[in-house]
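A.B. asks: Shown below is the structure under consideration.
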Amino acid sequence: MTTVVHSCFATSFNCQQYRYHYGAFRPGRANSRLFWREIESARGAAAASLFLEDRFPSVIAISSGRGLWRRRKIEVGSIRVNWLKKVEGEFEGGVGVARAGKERTEVLTEEEEEENKAEETKGAPLIGSMADILNLEKQFAFYGAYHSHKLNVLIHMIFVWPIFFTNAILWAYTPAIIPLPLPAGTLPLQQYMVLNVNFIITAIFALYYTALERKAGSLAAALCLSSWIGTQAIAQVWPWSTAWKFVLIAQITCWTFQFLGHGVFEGRAPALLDNLPQAFLMAPFFVLLEFLQSFLGYEPYPGFKESVEKKTEENIASWRASKVAPSDTTPLLEEGV
């Protein structure tokens with residue numbers, strides 16, 4: 060269930076009849092202070108919303124200003140705020156009535172919650188739009204939110220690329236789709252350049268990283284293509300019976316350390332449990348760029364690190380907030396104060 064705090068306010072930020080909102084509210088077992096925060100101005104009217112000072116996430120402040128407001132969601136800090144337009148003093152959607160001098164709490168029904176969830180996820184793709192996929196800051200912040208602890212990041216720096224490489228060993232045993240359109244001996248190591256599934260997958264990774272960022276992306280692309288050639292060389296030396304056993308041991312070892320990193324240091328499940336394609340696609344480039352930033356001071360462009368850290372902190376705050384579920388919605392305010 061989601062707690063909804065119903066409130067009413069006028070266009071004036073210091074409106075006297077609503078001063079009673081400066082009181083206490085108890086979501087769950089913790090006491091919090093309610094306070095005003097101005098978050099948007101439109102049509103000359105300052106729109107303010109109730110916030111919980113310590114950011115309890117499942118409390119959605121639903122407020123109404125003077126005039127007609129269209130329903131929309133905006134992000135303020137880590138809390139989602141729903142705006143409902145006011146129609147003759149009643150909140151659209153039938154979730155409450157705006158009355159000056161009073162405040163009450165109400166628990167949404169399961170049907171209303173399902174409608175809200177459906178609206179939030181409506182039309183949302185698995186990874187995001189093409190612009191989001193190629194947005195380096197957004198992709199880096201997404202993955203960084205799952206890897207904020209230094210030891211967990213170090214573990215991933217050590218084990219992510221071996222996971223990629225050993226996966227490529229398995230792909231290397233697939234047959235060639237088409238022959239390499241070059242005469243024999245044209246290129247060094249040409250005998251290992253097999254255009255098979257291994258090549259297609261590593262090429263996708265390489266092209267994506269180059270599109271994300273030119274310099275670090277080119278380095279990541281070179282590592283991907285080196286993995287392709289290196290694993291094809293292994294496939295010509297090792298029999299399959301040896302290769303799959305080596306890959307199995309390596310994968311179990313690498314994944315064990317990564318899950319320990321998340322469980323012991325990060326305290327959060329890996330990104331792949333929330334978005335598998337995005338996590339697998341971004342992981343090798345994330346650890347490479349993190350290494351370049353941490354040890355060589357590299358930035359794709361000035362201000363990148365600061366901007367990503369801010370987005371990452373917001374993502375982490377939003378996740379932490381979502382883990383708190385208020386169970387006690389009894390208001391501690393007296394009506395008419």
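Position 143, counted from 1, in the sequence shown is what the numbering used here calls 202; the numbers after and before it change by one each time, with no gaps.
Backbone N, C-alpha and C fix where the C-beta goes; we use that ideal spot for every residue, glycine too.
Source: prediction; values computed, not measured.
If you drop the 5 nearest sequence neighbours on each side, which residues of the same chain put their C-beta closer than 6 Å to that of His-208?
C.D. replies: Phe-324 and Glu-325
A.B. asks: Note down the Cα distance separating Ala-380 from Ile-236, rounded to an integer number of angstroms.
C.D. replies: Going by the C-alpha atoms only, they are around 49 Å apart.
A.B. asks: Hey, how far is the Cα of Ala-294 from the Cα of Ala-275?
C.D. replies: For Ala-294 and Ala-275, the distance between alpha carbons rounds to 29 Å.
A.B. asks: For Arg-273, is the classification buried or exposed, using 16 other Cβ atoms within 10 angstroms of its Cβ as the cut-off for buried?
C.D. replies: exposed
A.B. asks: Between which residues of its own chain and Ala-224 is the CB-CB distance below 6 Å, once the five residues before and five after are set aside?
C.D. replies: A small fix is needed here, since residue 224 is Phe in this sequence, not Ala. Contacts found: Ser-286.
A.B. asks: With the cut-off set at 8 Å, would you say Tyr-268 and Phe-344 are in Cβ contact?
C.D. replies: yes
A.B. asks: What residues are listed by DSSP as bridge partners for Leu-210?
C.D. replies: Paired residues: none, contrary to the question.
A.B. asks: Which residue wins for smallest C-alpha separation from Phe-258, given the options Val-306, Pro-234 and Leu-271?
C.D. replies: Nearest of Val-306, Pro-234 and Leu-271 to Phe-258, Cα basis: Pro-234.
A.B. asks: Alpha carbon to alpha carbon, how far is Trp-230 from Val-306?
C.D. replies: 11 Å
A.B. asks: Grab me the residues of Ala-280's own chain with a C-beta within less than 6 Å of its C-beta, minus the 5 sequence neighbours each way, in chain order.
C.D. replies: Ala-265, Tyr-268 and Thr-269
A.B. asks: Looking at Thr-371 and Ala-190, is the spacing between their C-beta atoms short of 8 Å?
C.D. replies: no
A.B. asks: Classify Leu-331 as helix, strand or coil using the three-state DSSP reduction.
C.D. replies: helix
A.B. asks: I'd like the span of the alpha helix (DSSP H) that includes Gly-289, first residue to last.
C.D. replies: 273-296
A.B. asks: Would you tell me roughly how many angstroms separate the C-alpha atoms of Val-239 and Cys-313, rounded to the nearest one?
C.D. replies: Checking the displayed sequence, the identity of residue 239 turns out to be Leu instead of Val. In a straight line, the C-alpha of Leu-239 is about 33 Å away from that of Cys-313.
A.B. asks: Mind pulling the alpha helix (DSSP H) runs of 4 or more residues that sit fully within the stretch 312-382?
C.D. replies: You should have 335-355 and 363-381.
A.B. asks: Between which two residues does the alpha helix (DSSP H) holding Ala-200 run?
C.D. replies: Per DSSP, the continuous alpha helix (DSSP H) segment holding Ala-200 begins and ends at 195-203.
A.B. asks: Between which residues of its own chain and Leu-246 is the CB-CB distance below 8 Å, once the five residues before and five after are set aside?
C.D. replies: Met-252
A.B. asks: Which partner residues does Ile-237 have in the DSSP bridge list?
C.D. replies: Leu-254
A.B. asks: For the candidate residues Ala-262, Thr-290 and Val-256, whose alpha-carbon lies nearest to that of Pro-221?
C.D. replies: Thr-290
A.B. asks: Do Ile-288 and Leu-248 have their C-beta atoms within less than 8 Å of each other?
C.D. replies: yes
A.B. asks: Taking just the CA atoms, how far does Lys-197 sit from Ser-353?
C.D. replies: 19 Å
A.B. asks: Determine the direct distance from the alpha carbon of Leu-193 to that of Leu-271, and round the result to whole angstroms.
C.D. replies: 5 Å
A.B. asks: If you run the structure through DSSP and keep just helix, strand and coil, what is Ala-243?
C.D. replies: Coil, per DSSP.
A.B. asks: Let me confirm a value: Ala-89 is counted as buried when at least 16 other C-beta atoms fall within 10 Å, else exposed. Which label applies?
C.D. replies: Its pLDDT being 30, under 50, Ala-89 is placed unreliably in this model, and the value from its coordinates should be taken loosely. By the neighbour-count criterion, in which 16 or more other beta carbons inside 10 Å mark a residue as buried, Ala-89 falls on the exposed side.
A.B. asks: Taking C-alpha atoms, which residue in Phe-201, Ser-377 and Ile-228 lies nearest to Ala-300?
C.D. replies: In the sequence as presented, Ala is not what sits at residue 300; that position holds Ser. Answer by Cα proximity: Ile-228.
A.B. asks: In angstroms with no decimal places, state the Cα-to-Cα distance between Ala-243 and Leu-351.
C.D. replies: 37 Å
A.B. asks: At the level of alpha carbons, what is the spacing between Leu-319 and Glu-358?
C.D. replies: 29 Å
A.B. asks: Assuming Ala-302 and Tyr-202 make a contact with CB atoms under 8 Å, what is their CB distance in whole Å?
C.D. replies: Ala-302 to Tyr-202, Cβ: 29 Å. No contact.
A.B. asks: Rounded to the nearest angstrom, what separates Gln-317 and Ala-330 at their Cα positions?
C.D. replies: 11 Å
A.B. asks: If we ignore side chains and look at the alpha-carbon of each, how far apart do Ser-377 and Ile-260 end up?
C.D. replies: Computed Cα separation, rounded: 33 Å.
A.B. asks: Given a cut-off of 8 Å, decide if Ala-200 and Val-367 are closer than it, judged by their beta-carbon atoms.
C.D. replies: Yes, these two residues count as a Cβ contact at 8 Å.
A.B. asks: Quick check on DSSP: helix, strand or coil for Leu-266?
C.D. replies: helix
A.B. asks: Pop quiz: Ala-212 and Glu-365 are said to be a contact at Cβ under 8 Å. What is the actual Cβ separation, rounded to whole angstroms?
C.D. replies: It should be noted that the sequence gives Val, not Ala, for residue 212. The Cβ separation is near 18 Å, so there is no contact.
A.B. asks: Suppose you measure from the CA of Gln-250 to the CA of Leu-340; what does that come to, to the nearest Å?
C.D. replies: 28 Å
A.B. asks: Given Ala-183, which residues of its chain have a CB within under 7 Å of its CB, disregarding the five upstream and five downstream residues?
C.D. replies: Legend: pLDDT at Ala-183 = 41, less than 50; position of this residue unreliable, value from coordinates given subsequently. Hits under 7 Å: none found.
A.B. asks: Using DSSP with H/G/I as helix, E/B as strand and the rest coil, what is Leu-248?
C.D. replies: coil
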